[in-house]
Structure formats: structure tokens, C-alpha cells
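Novice: First the structure, which I've put down as C-alpha cells, then a few questions once you've had a look.
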Amino acid sequence: MAVVAVITESRAGETRVAATPDSVKKLMALGLSVTVQAGAGAGASIPDADYEAAGAKIAGTAAAALAEADLLLKVRTPTPEETASLKPGAVVVGLLNPFLERPALEALAARGVSAFAMEFVPRITRAQVMDALSSQANLAGYRAVIEAAEAFGRAMPMMMTAAGAIAPAKVFVMGAGVAGLQAIATARRLGGVVTATDVRPASKEQVESLGAKFIAVEDEEFKAAETAAGYAKPMSAEYQAKQAALVSEHIKKQDIVITTALIPGRAAPRLVSEEQVLSMKPGSVIIDLAVEQGGNVAGAKADEVVTLGGAKIVGIANLPGRIAADSSALYARNLLAFVGLLADKTGQIAPDLEDEILKAALVVSGGAISHPALQSAA
Ligand code: NAD
Numbered sequence: 007m008a009v010v011a012v013i014t015e016s017r018a019g020e021t022r023v024a025a026t027p028d029s030v031k032k033l034m035a036l037g038l039s040v041t042v043q044a045g046a047g048a049g050a051s052i053p054d055a056d057y058e059a060a061g062a063k064i065a066g067t068a069a070a071a072l073a074e075a076d077l078l079l080k081v082r083t084p085t086p087e088e089t090a091s092l093k094p095g096a097v098v099v100g101l102l103n104p105f106l107e108r109p110a111l112e113a114l115a116a117r118g119v120s121a122f123a124m125e126f127v128p129r130i131t132r133a134q135v136m137d138a139l140s141s142q143a144n145l146a147g148y149r150a151v152i153e154a155a156e157a158f159g160r161a162m163p164m165m166m167t168a169a170g171a172i173a174p175a176k177v178f179v180m181g182a183g184v185a186g187l188q189a190i191a192t193a194r195r196l197g198g199v200v201t202a203t204d205v206r207p208a209s210k211e212q213v214e215s216l217g218a219k220f221i222a223v224e225d226e227e228f229k230a231a232e233t234a235a236g237y238a239k240p241m242s243a244e245y246q247a248k249q250a251a252l253v254s255e256h257i258k259k260q261d262i263v264i265t266t267a268l269i270p271g272r273a274a275p276r277l278v279s280e281e282q283v284l285s286m287k288p289g290s291v292i293i294d295l296a297v298e299q300g301g302n303v304a305g306a307k308a309d310e311v312v313t314l315g316g317a318k319i320v321g322i323a324n325l326p327g328r329i330a331a332d333s334s335a336l337y338a339r340n341l342l343a344f345v346g347l348l349a350d351k352t353g354q355i356a357p358d359l360e361d362e363i364l365k366a367a368l369v370v371s372g373g374a375i376s377h378p379a380l381q382s383a384a
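Structure representation (C-alpha cells):
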């Protein structure tokens, strides 16, 4: 019977955990045994006793949990110490941030373990239940609006009171993927007047179906700006200039801007310049969801609130971590579904590397970084 380990995430501010009592029960139903480090669920409000009641063993330290582990389930990349505690031949699954955290992957390779990055799970129908990027982005989009409302010194909805009317907040969402669409829906629920932009033409209809207005330069380049996988392409300098002019006019009238634009494997595109921030009204709030990938907004800093002119730029690196009970529950379900592909009928970890999902997500194997998309980055 293979042993699955779940340990406390050691990265600063990481409150999520890779398993819940519910996922532990289901992992055990797959014929696996589960060891959870004491306190691993604390950031997500899950006491050790609940893991124990679900059937997990509790280990006092990460090293103790890892010593026998055949499979390590993680939120973030393991630290060097955690990697050093793994058995050669073990398997690691997590949000390994493969483009940006190469040294951690090299350490896993040197240790002789295999690693699967949840970011690389392909977006095919069979893998939807494993789509951790979507599950986490959805909650990040929701939370971004809550953070914006908190930082904004005014109300979001229109209010008619005996003492006069309060105008609704104008909210502009840049990047209408999974996070952006949830931000639009949340801002609408709170009563904001919402506009949104994206470079993918398919997003226009989605934005409009949520009751928001779509703002973009809709030229020939825009009509072709989507990869077969449904992701954004980098746009030409000409397009970016035209779009920036449109955005400049729009942004100065906004109260809240939420940026979510990402291009897989690249630094986040810069969407808001310093001049555009300076053009905003006093009290405006910008939430930059891409801050960990370099930021969409000039001046944004991870885990800092930067004031530029009258605007506050809020750069929260880990928004899903601010809603850790839900983000952990969804992520644990993503992982559980993935483990269903790794384990065989006898409860051993025996990945079939011909499976297209496993093949796509495998980043470290045979003592090396093995994913084709990561070769050129060497
Ligand atoms: P993402 O996180 O990579 O990027 C966020 C958004 O930023 C995207 O909509 C992208 O087009 C946009 N963007 C990039 N550059 C931009 C720029 N310069 N200006 C404005 N916007 C820019 O994307 P995502 O949220 O993970 O998803 C992208 C698409 O894939 C969405 O349509 C989503 O619904 C779809 N999707 C499909 C599946 C599936 O089929 N299983 C699963 C999840 C998402």
C-alpha cells in the first residue's frame, strides 16, 4: 500500500493545504495510506483531529511524514530540506510554478524523484476536474473584488438615501479569463458598474453575458488573438499602443481596476502604465492579480500596497490563500482526481506515462527536467 504525505506548506503566507479530511477518505478508498504533518491544515481551519478521524496518520514533523512517502501532495514547490527528506523514486505533485522555479525542479531531479506540475494539466474535458489553475483563479477573482471593496473608501452599490444618492463604483476588469470573469460576476453582485477587456475575442461574449461592457480595439489582430489551447497570444507593439490609448481614456474614469492578464510561460503583460495610474481619481484602487508573475501594473509590488498619485495599487501575491478553506477544498479535489490516474488498482503509485494528462504534467523524471516546454529555458 503506497503512502501519501501531506505536509505544512512552508512558504511564507501559504495558508492552503493539499488535502482535506474528505480527500483523505477518498485517497484511502483508492487503497492508499495517508500521513499528514501535524498542523498542516491549520491555515485552512482544518484541525489534525479531523484528518485523524478521516483515517490519516499524523506525523510530528515534515521529515517524519516524508520518510516513508511514495507520493507527496503539495500546494507549492518543496523546499530544499523537504526534497532532501524524500525517498528516491517518490513522486511529487503540486503547483510547481515550473517556468519560474527551475532550481527547485533541479533539486527534485537530483534527488531522483518524479514530479508533476498541476499547471501543465491539459485543458481537455477529461481533465476539467483536475484543473487547479481554474479552481484557484476562480477564487482569486472573487477575493480580488472583496479586497478592492475593503481598500476602497466608498460604497460599491448605488444607494438612494434620505441624505442623498451614492453613485455606484465603476469597476474595470482587465483580463477576462477564469479569474477575470469571476471578478466581473462578484463586482456586479456587489452593485458595481463593470467594464472589462481582454485580447481573446471569445471573451467578449462571456463578458457581456455577465452584464458587463466589453472595451477593446477589435481589429484583425484581435480577431486572431487566441491559441488553439484557448490562451492569449502576445500582441504586437502596434496593437498594444492602440489598446493603451483606449484604456487611457477609460481608466481615468474608473474607481476600481482589477488586472488578471497572464500569458502562460511568460512574464505578465504590462497593461497599466504609471501615467495611467496617475490619471486616476484620488481614492481609486487597483488590484494586480498578476503581481507574482511580474505584474500588470507599473509600480505593483508583491504583498505591498503602493500609493501612486491618489491611487492605491494592491499587490497580493496569494489571493487564493486568503480564502484558504475553500481554495484548499477545491485544490484537494483537483489533486484527488489526479492521483486517481497515478495509483493502480492495488494501491501502488504506477503512473501510465502514455496517459496524455500525465504525460503533459510530468516535469521531472529520470533524474532530469524532462518536460519539452522547459528544455529551452535551460
Ligand atoms: P490566463 O490566466 O492565462 O490569463 C488570464 C486572462 O488574461 C486571459 O483571458 C487572457 O486572454 C488575458 N490576457 C492576456 N494578455 C492580455 C492583454 N495584453 N490584455 C488583456 N488581457 C490579456 O487564462 P485563464 O483564465 O486560465 O483561461 C484562458 C481561457 O481558457 C478562458 O477563456 C477560460 O475560460 C478558458 N478555460 C478553458 C478550460 C477548459 O476548456 N477546460 C479550463 C479553464 C479555462
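The numbering of the sequence shown is the working numbering, which starts it at 7 and goes up by one.
Glycine is no exception: its CB is placed at the ideal position from the N, C-alpha and C atoms.
1. Would you mind working out which of Thr313, Val42, Gly301, Lys229 sits nearest Val205, comparing C-alpha positions?
2. Which residues share a DSSP beta bridge with Asp294?
3. When every heavy atom of the ligand NAD is checked, does at least one fall within less than 7 Å of the C-beta of Pro207?
4. I need the boundaries of the beta strand (DSSP E) containing Ser39, first residue and last residue.
5. Let me know if Ala235 comes out buried or exposed under the rule of 16 or more other beta-carbons within 10 Å of its beta-carbon.
6. In the DSSP assignment, find the unbroken beta strand (DSSP E) run with Ile172 in it and report its ends.
7. For the region 158-200, list the beta strand (DSSP E) runs that are entirely contained and at least 3 residues long, ordered along the chain.
8. Along the alpha helix (DSSP H) that carries Ile363, what are the first and last residues, could you check?
9. Taking all protein chains shown into account, decide if Val311 is buried (16 or more other Cβ within 10 angstroms of its Cβ) or exposed.
10. Whole angstroms are fine: how far does the CA of Ser141 sit from the CA of Phe126?
11. Could you tell me how far apart the beta carbons of Ala113 and Ala143 are, in whole angstroms, since I believe they sit closer than 8 Å?
12. Using DSSP bridges, identify the partner residues of Ser29.
13. Can you check the region 84-111 for any alpha helix (DSSP H) of at least 4 residues that lies completely inside it and give the ranges in chain order?
14. Hey, could you find the ends of the alpha helix (DSSP H) Ser333 is sitting in?
15. Do Lys239 and Ala393 count as a contact pair if the criterion is CB distance below 8 Å?
16. From Ala173 to Gly183, what distance separates their C-alpha atoms?
17. Quick check on Val78: does DSSP put it in helix, strand or coil?
18. Where Ala24 and Ala251 are concerned, what is the direct C-alpha to C-alpha distance, given to the nearest angstrom?
19. State yes or no: is the C-beta of Met136 within less than 8 Å of the C-beta of Ala267?
20. Does Lys210 come out as helix, strand or coil in the three-state DSSP assignment?
21. By DSSP, does Ile64 sit in helix, in strand, or in coil?
22. Between Gln134 and the ligand NAD, is there a pair consisting of the residue's CB and a ligand heavy atom that are separated by less than 7 Å?
23. What does the Cβ neighbour count give for Glu360, buried or exposed, with the cut at 16 atoms within 10 Å?
24. Any heavy atom of the ligand NAD closer than 7 Å to the CB of Thr313?
25. Under 8 Å, with one C-beta from each stretch per pair, do the region 323-332 and the region 148-157 reach the 3-pair mark?
26. Determine the contact status of Ala338 and Ser29, defining contact as a CB-CB distance below 8 Å.
27. For Leu380, count the other beta carbons within 10 Å of its own beta carbon; 16 or more makes it buried, fewer makes it exposed. Which is it?
28. Let me know if Glu88 comes out buried or exposed under the rule of 16 or more other beta-carbons within 10 Å of its beta-carbon.
29. Can you give the beta carbon distance from Glu20 to Val81, rounded, assuming they're within the 8 Å contact cut?
30. Nearest-angstrom Cα distance between Gln282 and Lys318?
31. List the DSSP bridge partners of Ile375.
32. Restricting to runs no shorter than 3 residues, where is the beta strand (DSSP E) found entirely within the region 223-264?
33. Consult DSSP for Ile152 and reduce its assignment to one of helix, strand or coil.
34. Can we count Tyr148 as close to the ligand NAD, meaning its CB is less than 7 Å from some heavy atom?
Specialist: On the basis of the supplied data:
1. Lys229
2. Thr265
3. no
4. 39-43
5. exposed
6. 170-172
7. 165-167, 170-172, 176-180
8. 362-367
9. exposed
10. 14 Å
11. The pair is not a contact, with the Cβ atoms about 27 Å apart (cut-off 8 Å).
12. Answer is none; Ser29 lacks a bridge partner.
13. 86-90
14. 330-348
15. Nothing about residue 393 can be reported from this structure: the residues present for the chain run from 7 to 384 only.
16. 28 Å
17. It should be pointed out that residue 78 corresponds to Leu in this sequence rather than to Val. Leu78 falls in the strand class under three-state DSSP.
18. 43 Å
19. no
20. helix
21. strand
22. yes
23. exposed
24. no
25. yes
26. yes
27. buried
28. buried
29. 6 Å
30. 13 Å
31. Val370
32. none
33. helix
34. no
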